[in-house]
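Accompanying notes for the structure given below.
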Amino acid sequence: MSINDKLLAQRIYLILAGLFICSLVVSNLIFQKFFYWYPFGDLEIFGAKLFEISVGIIPYPITFLVTDIISEIYGKRKANQVVTTGIFASVFSLGIVFIANYVPALDYSPVNNELFTKVFGQSSKAVIASMLAYLFAQYIDIHVYHFWKTKTKGKKLWLRNNFSTMTSQAIDTLSVLFLLCAFDILKWELFVPLFISGFLFKIIIAFIDTPFMYLAVYFFRKKFNLKVNEELKID
1 MSINDKLLAQ RIYLILAGLF ICSLVVSNLI FQKFFYWYPF GDLEIFGAKL FEISVGIIPY
61 PITFLVTDII SEIYGKRKAN QVVTTGIFAS VFSLGIVFIA NYVPALDYSP VNNELFTKVF
121 GQSSKAVIAS MLAYLFAQYI DIHVYHFWKT KTKGKKLWLR NNFSTMTSQA IDTLSVLFLL
181 CAFDILKWEL FVPLFISGFL FKIIIAFIDT PFMYLAVYFF RKKFNLKVNE ELKID
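Heads up: the sequence shown runs through residues 1 to 235, numbered per our numbering.
Encoded structure:
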């Protein structure tokens, strides 16, 4: 690989890492707003209407798509590196929110203390819950992805992309809802309907992002002349 190609690969890696960190931090900050989307009309599964979910779930699947792309192209170590960086970014953002919530608002401030605390005051517990669930789920996602990559010898991209995401998203959704309920941020009666809605929504998104995964892998293989199962070395 030429020096120019290596520099380009490094820049793309930084862009993917930035997209990952941004999506992760944003999802932790906006989670308290819930919305509905009823593509199946009045369909309910075990009393859960599809879909009633947190807006925090919107950017979250992007993180799993990005780690799958990095896993496929840059390797397991680089994917784990991005996940670990995301944890530090979440902790750092939590510290900023804590300080911002602590300092008093001026009388003419458009957002007063009570409103700011209502929107962001729960963030500390939520971010802790989200980080614990996310850390567990992301490392499992990477492990499962590379398990199937080894088994298929780099073939059947759709299988490892979807199987790893489905497994990790189930664990993530279950874990974060359990912790949010345990911290009294959500009521326990919301656990099952939110889990069903959240998990099924993530599965749909996982299938939707599969073509984007193929496009990304096609681009990298063509641009950097990569063979099937070959990874970029940018260190």
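Note that beta-carbon positions come from the ideal geometry of N, C-alpha and C, so glycine has one too.
Residue environment: residue 84 is assigned as exposed (fewer than 16 neighbouring CB atoms within 10 Å of its CB, all protein chains considered). Contact check for residue 52 against residue 193 passes: the beta carbons are separated by less than 9 Å. Residue 34 has 54 as its beta-bridge partners, per DSSP. Taking C-alpha positions only, residue 231 is separated from residue 107 by approximately 56 Å.
The DSSP assignment places 60-73, 76-102, 113-120 as complete runs of the alpha helix (DSSP H) inside the region 59-137, in order along the chain (cut-off: 4 residues). At a Cβ-Cβ threshold of 9 Å, residue 134 and residue 63 count as neighbours. Sorting 225, 87, 169 by C-alpha distance to the C-alpha of residue 195 places 169 at the top. When beta bridges are read from the DSSP output, residue 48 appears opposite 45. The beta carbons of residue 23 and residue 91 sit no closer together than 9 Å.
Our two residues, residue 132 and residue 176, have alpha carbons roughly 8 Å apart in a direct line. Within the same chain, 105 come within 7 Å of residue 112 by CB-CB distance, once the 5 residues on both sides are set aside. Closest option to residue 200, judged by alpha-carbon separation, among 7, 45, 186: 45. The C-alpha of residue 117 lies about 10 Å from the C-alpha of residue 98. The Cβ atoms of residue 229 and residue 155 lie closer than 9 Å to each other.
In this chain, residue 155 is not harboured by any alpha helix (DSSP H), its DSSP state being neither H nor E. Residue 26 sits in a helix when the DSSP states are folded into three classes.
Spatial neighbours of residue 197 in its own chain (CB-CB distance under 7 Å, excluding positions within 5 residues in sequence) are listed in chain order as 48, 50, 51, 52, 53. By the C-beta criterion, the region 69-82 is judged to be in contact with the region 139-148, since at least 3 inter-stretch pairs fall below 8 Å. Note that the C-beta distance between residue 68 and residue 213 is below 9 Å. When 183, 21, 74, 161 are compared, the shortest CA-CA separation from residue 60 is found for 21. Residue 217: member of the alpha helix (DSSP H) spanning 210-224, first to last residue. Taking the C-beta atoms as reference points, residue 27 is found nearer than 9 Å to residue 57. A Cβ-Cβ distance of about 5 Å is found for the pair residue 171 and residue 137, placing them in contact under the 8 Å criterion.
Of the other Cβ atoms in all chains shown, 16 or more fall within 10 Å of the Cβ of residue 173; this residue is therefore buried.
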